[in-house]
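Protein chains in written order, with our numbering: chain S, 36 to 134; chain C, 36 to 134. Take a look at the structure below.
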DNA sequence: CCAACATATTTATATATTTGCATTTGTTAG
DNA sequence: CTAACAAATGCAAATATATAAATATGTTGG
């Protein structure tokens, strides 16, 4: 499928997904969730060293835009990559930034 | 290189690059520039059907963040992908959005 | 140099995003 | 049911972004 064949709404959806990812903290979150790992809000909030509510906000954005999915287990909510391929995006960008 | 090994500044640089891409018009621009194609500001502005100054603004953002490069030839400035791999990012996201 | 065209920048306004705090909602253990 | 913990939401202020109009700068041909 050619990139130039995308419709306006497809462009917008792709833009929203990328916009969701395009934040240092959220990229870091993707880093924690590589290889199918699942983490709770508290774990991520402690790993990042930012407020719980801020963490929840970031996770909500990533979930809302279809980057992450979540699964409740008791008190905890586990977040994980909805499409494991998405980890590649940041890896790809990182490679392009390092030169 | 593991995604989770990125430093703060690397995270920020990757975020800036993704943020630059994460806009419907700019994704469309990447679509026009696939396969090493080079286009002028006027060509892109006409293809997109938006103001010339807006087009220039978008191109400036993409260039500033290292997504595009440009080459002046006479009156025209040709823009093209700095890293051909970057086209894959949107293709990847598009695939993840269509299901 | 000057006219015409191509591109970039400035400016102002409207809109969106980020953040932490406070609060609320959901869940389990006792 | 209640206490304690986990997560989500509402809010407000600071900051950032998008857009178009107007203007400025750069380049070529005559």
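All C-beta atoms in this analysis are idealised placements derived from N, C-alpha and C, irrespective of residue type, glycine included.
Only residues of its own chain outside the window of five on either side were considered, and among them 55 have a CB closer than 8 Å to the CB of residue 99/S, listed in chain order. Beta-carbon to beta-carbon, residue 91/C and residue 102/C are separated by about 15 Å, too far to satisfy the 8 Å threshold.
Beta-bridge pairing by DSSP links residue 68/C to no other residue. When the five nearest sequence neighbours on each side are left out, the beta carbons in the same chain lying within less than 7 Å of the beta carbon of residue 82/S are those of 67, in order along the chain.
At a cut-off of 7 Å, the C-beta of residue 86/C has no neighbouring C-beta in chain S. Note that the C-beta distance between residue 52/S and residue 126/C is not below 7 Å.
By the CB criterion at 7 Å, residue 104/S and residue 129/C fall outside the cutoff. Between residue 87/C and residue 80/C, the C-beta spacing is below 7 Å. Within chain C, the residues 59 have their CB atoms less than 7 Å from the CB of residue 47/S, given in chain order.
Excluding five sequence positions before and after residue 62/C, the CB atoms of its chain that fall closer than 6 Å to its own CB belong to 125, given in chain order. If you draw a straight line from the Cα of residue 58/C to the Cα of residue 122/C, it is about 14 Å long.
Between residue 104/C and chain S, the shortest Cβ-Cβ separation is not below 7 Å. Cβ-Cβ distances below 8 Å link residue 71/S to 115, 116 and 119 in the same chain, with the five nearest sequence neighbours on each side left out; the list follows chain order. If you compare the alpha carbons of 43/C, 106/C, 65/C and 45/C with that of residue 46/S, the shortest gap goes to 65/C. In this structure, the straight-line span from the alpha carbon of residue 84/S to that of residue 107/C is close to 46 Å. When the alpha-carbon of residue 96/C is set against those of 60/C, 74/C and 110/C, the nearest one is in 60/C.
Within the model, the alpha-carbon separation for residue 42/C versus residue 69/S is close to 16 Å.
In this structure, DSSP gives residue 78/S a helical state, which the three-state scheme calls helix. For residue 56/S, the neighbours in chain C by C-beta distance under 7 Å run, in chain order, 53.
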